[in-house]
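A.B. asks:
Below, the structure written as structure tokens:
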């Protein structure tokens, strides 16, 4: 059980690493800026389009019930936006920042591992492997969506269905967060999806602890923006 807290607090150890080696920050700030600008624009224009849609959908009038419906739809839109950002930020943000993150993983390995053990990052090699990386990402997301749809069927069971769905869906999210955040080192070393899955299953407590810390950060507004792998 000691692996769980060790994994959970690894985020803090990672933060201290940037304090010790501030030159690594430039590899974080560039993808962070890209992610912030991308999602800010997406949310802004998405809200504008939703506003126009609601105005055209609802009849014009000053009756109180139209105002209730209008603001209720806006609340639903806000919640939907939070959910989309929560689930999409990791995947889309990682795809945008993947060249920087793979370079970052190589630099950190050079700092922490004995000389000769870390594999060098090559931008040319990464460009050649980009299609393979995206296919792996697509495979992971497809499995995630299929698994979530299967778990949704548990809600059809009386009494215990919703409880089982809540527990298993959280475990599934934690597993895929671990899979996503460990992927950069594995992909740079050309390890396939099967190897990555086995690697995580051999370190269940450590991965669950780490993914729980990531999930907590992703659930906090604005703090999720610095949740870089």
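Residue numbers (this note's numbering): -14 to 214. A virtual CB, placed ideally from N, CA and C, is assigned to each residue, including glycine.
The alpha helix (DSSP H) that contains residue 150, what's its start and end?
C.D. replies: From DSSP, the alpha helix (DSSP H) with residue 150 extends over 145 to 173.
A.B. asks: Which stretch, first to last residue, makes up the alpha helix (DSSP H) that contains residue 4?
C.D. replies: Start and end: -5 to 5.
A.B. asks: I need the DSSP call for residue 88, collapsed to helix, strand or coil.
C.D. replies: The answer is helix: DSSP assigns residue 88 an H, G or I state.
A.B. asks: Please check the pair residue 216 and residue 136, which I expect to be a contact at CB under 8 Å, by giving their CB distance rounded to whole angstroms.
C.D. replies: Because the chain in this structure spans residues -14 to 214, residue 216 falls outside the shown range and cannot be described.
A.B. asks: Which residues in the same chain as residue 103 place their Cβ atom closer than 6 Å to its Cβ, once the five residues preceding and following it in sequence are excluded?
C.D. replies: Confidence is the limiting factor: at residue 103 the pLDDT is only 48, short of 50, which leaves the residue's position unreliable and the question unanswerable from this model.
A.B. asks: Any chance the stretch 190 to 199 sits against the stretch -9 to 0, with 3 or more Cβ pairs inside 8 Å?
C.D. replies: Output reads yes: the stretch -9 to 0 touches the stretch 190 to 199.
A.B. asks: If I follow the unbroken alpha helix (DSSP H) through residue 196, where does it start and stop?
C.D. replies: 189 to 203 is the extent of the alpha helix (DSSP H) around residue 196.
A.B. asks: Under the three-state reduction of DSSP, which class applies to residue 177: helix, strand or coil?
C.D. replies: Three-state DSSP puts residue 177 in coil, outside helix and strand.
A.B. asks: Can you give the Cα-Cα distance for residue 6 and residue 133, rounded to whole angstroms?
C.D. replies: Their Cα atoms are separated by approximately 40 Å.
A.B. asks: Helix, strand or coil for residue 142? Go by DSSP, reduced to three states.
C.D. replies: Correct three-state label for residue 142: coil.
A.B. asks: Verify whether the separation of the beta carbon atoms of residue 146 and residue 153 is less than 8 Å.
C.D. replies: No, the Cβ-Cβ distance between residue 146 and residue 153 is not below 8 Å.
A.B. asks: Which one of 15, 8, 188, 130 has the shortest CA to CA distance from residue -13?
C.D. replies: With distances taken between Cα atoms, residue -13 lies closest to 188.
A.B. asks: Would you call the CB atoms of residue 164 and residue 183 closer than 8 Å?
C.D. replies: It is not a contact, given that the beta carbons lie outside the stated cut-off.
A.B. asks: Since residue 160 and residue 185 are thought to touch, with beta carbons under 8 Å apart, how far apart are those beta carbons, to the nearest angstrom?
C.D. replies: Rounded, the Cβ-Cβ distance is 7 Å, consistent with contact.
A.B. asks: So for residue 9, helix, strand or coil by DSSP?
C.D. replies: Helix at residue 9.
A.B. asks: What is the DSSP secondary structure of residue -13, counted as helix, strand or coil?
C.D. replies: DSSP places residue -13 in coil when its eight states are reduced to three.
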